[in-house]
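A.B. asks: If you scroll down you'll find the structure; I have some questions about it.
There are 2 protein chains.
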Amino acid sequence: MNIVIYIYNGMTMLDAIGPYEVLRNLPNANIRLVAKKKGEITADSGVVHLHAKHQIDEVHQADLLLIPGSMIAFVREMKDRKVLEWIKSIDATTQKTVTVCTGSILLAATGLLKDKKATSHWKPIHLLSEFGAIPTRERIVEQGKFITAAGVSAGIDMALYLLREIEGEAAAKVAQLAIEYDPNPIYASGNYTTAAPEIIGAAERLMAAEAKKELSLWDMIKNLRTLKKLGR
Amino acid sequence: MNIVIYIYNGMTMLDAIGPYEVLRNLPNANIRLVAKKKGEITADSGVVHLHAKHQIDEVHQADLLLIPGSMIAFVREMKDRKVLEWIKSIDATTQKTVTVCTGSILLAATGLLKDKKATSHWKPIHLLSEFGAIPTRERIVEQGKFITAAGVSAGIDMALYLLREIEGEAAAKVAQLAIEYDPNPIYASGNYTTAAPEIIGAAERLMAAEAKKELSLWDMIKNLRTLKKLGR
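As given, the protein sequences belong to chains A and B, one line each in that order. Mind the numbering: the first sequence is residues 0 to 231 in numbering that gives the first Met the number 0, read in order. Mind the numbering: the second sequence is residues 0 to 231 in numbering that gives the first Met the number 0, read in order.
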């Protein structure tokens with residue numbers, strides 16, 4: 000199975016690495032991390048760097064396309080017609096097209112999620128509606144061949160779900176045991192709908208402070224009409 | 000806070016990226032991924048490549064040292080006296096020294112876990128006893144400044160636990176919400192003590208097939224006396 004994970008500057012590393020670590024247990028998985036251009040890709044933290052060995056103009060097919068999210072860089076990707084066209088062209092060849100976190104907003108910007116339910120990170124999930132998708136606050140949302148997952152760590156759950164669909168229950172269970180995925184967080188503070196208001200506020204401030212490091216993109220989120228004109 | 004994550008060829012990517020994605024929410028975190036030599040580091044899958052910007056002979060201090068595990072490459076690292084000495088010298092400067100998966104076996108090979116309880120991936124956990132540590136089948140084991148986590152995904156739980164210790168409850172909860180860590184695996188197959196025997200068998204075969212791709216290291220695991228002579 001040809002698995003393509005799109006990687007880009009400013010991406011959130013765990014969005015890609017969580018699902019990758021599950022999916023690589025798929026028999027005969029051929030996983031490629033594909034960037035706009037071969038070479039270095041820097042995560043949103045600025046401290047983790049991937050080395051991309053594949054670039055989009057050389058990759059024309061995937062059975063599975065995975066689009067990770069980012070703190071704010073998804074806005075830059077949305078402005079890039081070449082990226083949107085490539086995503087659409089690969090999607091035309093996939094069995095499944097899946098996203099983690101704000102990857103769903105990038106996918107929605109191509110138009111492919113129009114009138115479909117989709118999830119995303121709890122904070123920017125409303126942006127999905129700007130592109131005709133229906134924001135749906137669930138951990139995993141499946142609509143035909145499209146599966147979207149909530150923020151960051153949700154990609155691990157999504158990948159196990161996907162592995163079950165592709166290869167069956169035993170394969171999903173084996174992968175889960177291989178990565179010893181028996182989660183046991185010390186707190187129950189990972190869900191927006193049940194987190195304490197002061198924790199939500201503090202998380203919003205933390206993320207906004209980081210997102211505002213790229214002020215031009217931050218301003219663009221606030222003016223999505225411009226973004227939509229650029230993006231489609 | 001200076002956080003150093005040791006990265007090496009053959010490492011399991013999620014072992015490092017899971018905790019990193021939690022810890023980067025720590026205020027004033029200065030995270031460095033440090034390799035033997037600057038340049039490219041390839042994960043155990045062979046398809047994910049990091050670009051290391053720091054190398055061990057230039058890094059002399061850390062408040063927190065994190066050692067990720069690997070399918071089998073930890074055995075190669077154990078043979079490298081320079082790596083073992085560097086780990087010991089950094090540990091002498093840390094507040095916390097932590098591991099994920101087989102990272103604990105590499106740490107044990109330095110002698111630092113002697114007579115201490117430690118956990119590891121469920122499959123090779125018995126190897127800890129070869130280096131005087133006490134194999135303890137728990138998700139997180141804390142012994143003074145040392146915290147060891149079970150396989151792969153356990154690093155996320157461990158990092159939240161660590162964040163609570165370093166920065167307090169609110170900081171851990173905020174990080175958990177930022178990465179939307181509200182895990183909801185479709186199966187309960189991530190724990191060795193409760194997984195079905197046929198799933199354990201299949202996972203063992205899957206991992207052995209991959210580990211045996213590096214036959215020289217595989218043989219070395221089977222002859223740990225040689226390894227111990229080399230390692231210390």
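For each residue, glycine too, the CB sits at the ideal point set by N, CA and C.
Does the region 128-147 of chain B come into contact with the region 103-115 of chain B, if we say contact requires no fewer than three beta-carbon pairs (one atom in each stretch) closer than 8 Å?
C.D. replies: yes
A.B. asks: Are the C-beta atoms of residue 175(A) and some chain B residue less than 7 Å apart?
C.D. replies: It does; some Cβ of chain B falls within 7 Å.
A.B. asks: Using the beta-carbon of each residue, which ones in chain A are nearer than 8 Å to residue 151(B)?
C.D. replies: 20, 177, 178, 179, 180
A.B. asks: Quick one: which chain A residues come within Cβ less than 8 Å of residue 159(B)?
C.D. replies: In chain order, 184, 185, 186 make up the part of chain A whose C-beta sits under 8 Å from the C-beta of residue 159(B).
A.B. asks: Let me know if residue 193(B) comes out buried or exposed under the rule of 16 or more other beta-carbons within 10 Å of its beta-carbon.
C.D. replies: exposed
A.B. asks: By alpha-carbon positions, which one of 60(B), 179(B), 160(B), 143(B) ends up nearest to residue 152(A)?
C.D. replies: 179(B)
A.B. asks: For my contact list, residue 47(A) and residue 19(B) are in at a C-beta cut-off of 8 Å; report their separation, rounded to the angstrom.
C.D. replies: 7 Å
A.B. asks: For residue 16(B), report the span of its alpha helix (DSSP H) as first-last.
C.D. replies: 12-22
A.B. asks: With DSSP collapsed to three states, give me the class of residue 234(A).
C.D. replies: The structure shown does not extend to residue 234(A), since chain A is modelled only from 0 through 231, so no value can be given for it.
A.B. asks: Please name the residues in the region 37-48 of chain B whose beta-carbon is closer than 8 Å to at least one beta-carbon of chain A, in chain order.
C.D. replies: 39, 44, 46, 47, 48
A.B. asks: So if I threshold CB-CB distances at 7 Å, which residues from the region 116-148 of chain B count as touching chain A?
C.D. replies: So the list reads 120, 121, 138, given in the order they occur along the chain.
A.B. asks: Any idea what DSSP makes of residue 53(B), helix, strand or coil?
C.D. replies: strand
A.B. asks: Which residue's Cα is closest to the Cα of residue 14(A): 166(A), 199(A), 162(A), 69(A)?
C.D. replies: 69(A)
A.B. asks: Tell me whether the beta-carbon of residue 164(A) lies closer than 7 Å to the beta-carbon of residue 25(A).
C.D. replies: no
A.B. asks: Compare the C-beta of residue 156(B) with all C-beta atoms of chain A and state if any pair is closer than 7 Å.
C.D. replies: Cβ-Cβ to chain A under 7 Å: yes for residue 156(B).
A.B. asks: Within this structure, are the beta carbons of residue 159(B) and residue 185(A) separated by less than 7 Å?
C.D. replies: Closer than 7 Å, so yes.
A.B. asks: Could you tell me which residues DSSP pairs with residue 5(A) in its beta bridges?
C.D. replies: DSSP, once it has assigned bridges, lists 33(A) as partnering residue 5(A).
A.B. asks: Do residue 208(B) and residue 217(B) have their CB atoms nearer than 7 Å?
C.D. replies: no
A.B. asks: Can you check which of these residues, 94(B), 157(B), 8(B), is closest to residue 74(B) by C-alpha distance?
C.D. replies: 8(B)
A.B. asks: Within this structure, are the beta carbons of residue 59(A) and residue 33(A) separated by less than 7 Å?
C.D. replies: no
A.B. asks: Over the uninterrupted alpha helix (DSSP H) stretch that includes residue 104(A), give me the two end residues.
C.D. replies: 102-108
A.B. asks: Candidates 97(A), 11(A), 28(A): which alpha carbon is nearest residue 44(A)'s?
C.D. replies: 11(A)
A.B. asks: Closer than 6 Å by C-beta to residue 147(B): which residues in its own chain qualify, once you throw out the five before and the five after it? Chain order, please.
C.D. replies: 98, 103, 117, 118, 140
A.B. asks: Comparing the C-beta of residue 1(A) with each C-beta of chain B, is any distance below 7 Å?
C.D. replies: Interface residue (Cβ-Cβ distance to chain B less than 7 Å): residue 1(A) is not classified as such.
A.B. asks: Just mark residue 23(A) as buried or exposed, buried being the case when its beta carbon has 16 or more other beta carbons within 10 Å.
C.D. replies: buried
A.B. asks: Would you mind working out which of 154(B), 199(B), 168(B), 172(B) sits nearest residue 172(A), comparing C-alpha positions?
C.D. replies: 199(B)
A.B. asks: Taking residue 112(B) as the reference, give the member of 72(B), 123(B), 143(B), 80(B) with the closest Cα.
C.D. replies: Residue 112(B) has its Cα closest to that of 143(B), out of 72(B), 123(B), 143(B), 80(B).
A.B. asks: Counting only beta-carbon atoms, is residue 13(A) nearer than 7 Å to chain B?
C.D. replies: yes
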